[in-house]
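In our numbering, the protein residues as written are 101 to 502. All C-beta atoms in this analysis are idealised placements derived from N, C-alpha and C, irrespective of residue type, glycine included.
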Amino acid sequence: EVSELLSKYASITSARPLNLYTLLSFARPLTPESVLASVNYALTEIPRRLALRVRSLEALPFIVGTNPYVASTLNAYRESFLWVATHPPVTNLDQNAKFAEQLADLVQSHANDIPTMAKGFQECSRYMSPTQISNFLDGAIRNRISVRLIAEQHIALSQALENPDANSSHVGVVDLECSPKAMVKMCGSFVSDLCEATLGTSPSIVINGHTDATFAYVPVHLEYMLTEILKNAFRATVEHHMKHHPSSRSLPPVTITLSSPSAAMREAGHPYFSLRIRDQGGGVSQANMARIFSYAFTTAGRRAEEDVDDGEGGGPYAAQHVGGSAAIGSGGLGEANLFGEITGKGLQTGIGTIAGLGYGLPMSQLYAKYFGGSLELMSLEGWGTDVFLKLRCLDEAGDVTV
Ligand code: W6P
């Protein structure tokens, strides 16, 4: 029985710190024994975290719990918890192969949790304050990042043992030589294509600074953040220039400056790789600033027509803004129509298909903060926006617990 089993986990009030060094250690070196140690870790840590999630969903106000979207999410977590918590020990590689496969299915089955909960909270906004909703979702998303990191790490190691690649710089889901330049190019070219297809044109990308530097990071996390930021920078650039320089044929570029930590920074215990994404899209007004990183203003779950009926005028996509040049990240379903495929792109592994629900920027910020980094936005109103992304170098992060 779920509740009986859950009560065994009742004494767990916070997740045991997830030590990144532990996650990496299962791959250094990668052996049948280390993979079995990894599965043991996954079988201990995942149920603890799912139990926490179940309990925090159960702790919601009763009326919120009766919402069908919230209720179905809770059910899904209960089922997953039950499956992992009652799974027999995995003692050989054949059992592990089967478990890893089922674990991948489980991860996949939770792909739409956040949009589903978003819909639920939207319908329950009378019963919870924006702060309560925001705190709940922050916790849910952090928990989700942790569970996925543990699960994906084990799945990746299980696969790597079967198909070893001596030349790979990957340690499970961590790439020790993640190249921000390559990542910016890849995400940039995708966002460019989409921007061109939907807005008719797109700015170019300039990459400068420490362009050849690499650092240890989780590529799917970086991919998610960059895609979200570039989407917003591109869209702001195109729309601002259509509005203010309609006769101009050229768009100012989006400039990404890369900065690898100096030896002194590393020695001082500040091993952060920094990226600045600069656009000339007109900036963000004071009024929209707070909205950009807020879940509360999302229009997730609203029908597209309602968004269009907001009546801002000024072109087919103008009404999909929260207002003026607000971030796409807060654009609700309008974003789904315009850039729907973007967030689903290539992110199935780590993130699922949290597409177009206005959660992009708050979620990106949680990803950045997850390992101790940050995502900050500075607006030069009337001119453009700088996003500063500071990301912890994970090879020096043995002490980072998340
Ligand atoms: C904008 C609004 C925004 C949000 C996030 C990243 C870049 C930008 N540019 O105008």
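* **Per DSSP, the bridge partner or partners of Ser479** => Thr485
Discussion item. With DSSP as the reference, identify every bridge partner of Leu358, one or two as the case may be.
Written reply: Paired residue(s): Gly309, Leu375.
From Gly413 to Leu257, what distance separates their C-alpha atoms?
No answer about Gly413 holds up, because its pLDDT of 29 lies below 50 and its placement is not dependable.
request  = For Arg128, name the three-state secondary structure that DSSP assigns.
outcome  = coil
To the nearest angstrom, report how far apart Tyr459 and Gln465 are at their CA atoms.
10 Å
Tyr169 to Ala142 span [Cα, whole Å] | 28 Å
key: Inter-residue CB distance, Asp194 and Ala316 (contact presumed, cutoff 8 Å)   = Actually they are not in contact, since the Cβ atoms of Asp194 and Ala316 sit about 32 Å apart, beyond 8 Å.
So if DSSP puts Val207 in a beta bridge, which residue, or which two residues, is it bridged to? Answer is none; Val207 lacks a bridge partner.
- Exposed or buried, which one is Pro264 when buried takes at least 16 other CB atoms within 10 Å? exposed
Exercise. From which residue to which residue does the beta strand (DSSP E) around Ala171 run?
Worked result: Here Ala171 belongs to no beta strand (DSSP E); instead the alpha helix (DSSP H) covers 168 to 185.
Can you tell me whether Leu322 sits near the ligand W6P, meaning its C-beta is under 7 Å from at least one heavy atom of the ligand? No, the Cβ of Leu322 stays beyond 7 Å of every heavy atom of the ligand W6P.
Exercise for review: For the alpha helix (DSSP H) holding Ala368, just list the boundary residues, first then last.
Suggested key: Taken as a continuous stretch (DSSP letters only), Ala368 belongs to no alpha helix (DSSP H), as it is neither H nor E.
Inset, instruction - Report buried or exposed for Phe162, applying the criterion of at least 16 other Cβ atoms within 10 angstroms of its Cβ. - result: exposed
Exposed or buried, Glu367, counting other C-beta atoms within 10 Å across all chains shown (16 or more means buried)?
exposed
Next on the checklist: Taking the beta strand (DSSP E) that Phe315 belongs to, which residues open and close that run?
Outcome noted: 315 to 317
- prompt: Do you know whose CA, among Val184, Gly165, Leu157, Ala387, lies nearest Gln202's CA?
  reply: Val184
Out of curiosity, what's the CA-to-CA distance linking Ala288 and Ser111? Reading off the sequence, residue 288 comes out as Gly, not Ala. Approximately 46 Å between the Cα atoms of the pair.
Q.
With a threshold of 7 Å (Cβ to nearest heavy atom), would Thr485 be considered close to the ligand W6P?
A. yes
- Supposed contact pair Glu296 and Ser302 - C-beta distance, whole angstroms, cut 8 Å: Yes, Ser302 and Glu296 are in contact; Cβ-Cβ is about 5 Å, under 8 Å.
If the criterion is Cβ atoms closer than 8 Å, does the pair Ser537 and His310 meet it? Residue coverage of the chain in this structure runs from 101 to 502, which leaves residue 537 outside it and unanswerable.
Check: Leaving out five residues before and five after Leu322 in sequence, what residues of the same chain have Cβ atoms less than 6 Å from its Cβ?
Finding: Met283
| request: Please confirm if Arg492 has its CB atom under 8 Å from at least one CB of chain C. | output: Checking the listed chains, one finds no chain C in this structure; it contains a single protein chain.
Note to self: Please return the same chain residues whose Cβ sits closer than 6 Å to the Cβ of Gly272, not counting the five positions on each side in sequence.
What the structure shows: Ala127, Gln253, Ala256, Leu257
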